[in-house]
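Since the structure comes first, as structure tokens, the remarks are kept for the end.
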Amino acid sequence: MTSATGYEGFEGASELLRALSAPIRLAIVSELASGERCVHELVEQLGAAQPLVSQHLRVLRGAGVVRGSRRGREIAYSLVDEHVAHIVADAVSHAGEGS
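Residues 1 to 99 (the UniProt record's numbering) make up the sequence shown, in order.
What follows is the structure, encoded as structure tokens:
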């Protein structure tokens, strides 16, 4: 699994996990696994303040986890890759096993 360059090949995975390291970002990814959402829909579903949701969407977008597309006056966010939703679901499931 590792190459001759050692652990350097894991850089991308490390960046992805860093982007997912906040609980609200995990919740956003979980919501987007069901389909695209606008910020106000995420705010409503998560019960979080709009500036907080927007800030975390910005981090996820910067990490290439989500993308935004204009929908009238709003931007609809969706997952770039469905694999990320599976990673989050598995992590949440695994964390729940210890409780």
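Here a beta-carbon is modelled for each residue, glycine too, at the ideal position from N, C-alpha and C.
Whole-Å CB distance - residue i paired with residue j, under 8 angstroms assumed
i, j, result
"I87", "A48", "So it is not a contact: roughly 21 angstroms between Cβ atoms."
"V80", "V65", "6 angstroms"
"A63", "E15", "6 angstroms"
"H56", "A22", "6 angstroms"
Test item: CB-CB of residue i and residue j under 8 angstroms
i, j, result
"V29", "A85", "yes"
"E36", "Y77", "yes"
"A27", "L46", "yes"
"residue 100", "C38", "Summary: the structure shown does not reach residue 100, with the chain confined to residues 1 through 99, and so no result is reported for it."
"Q50", "V43", "yes"
Per DSSP, the bridge partner or partners of residue i
i, result
"G64", "In DSSP, G64 forms no bridge with anything."
"E74", "R71"
"R37", "Y77"
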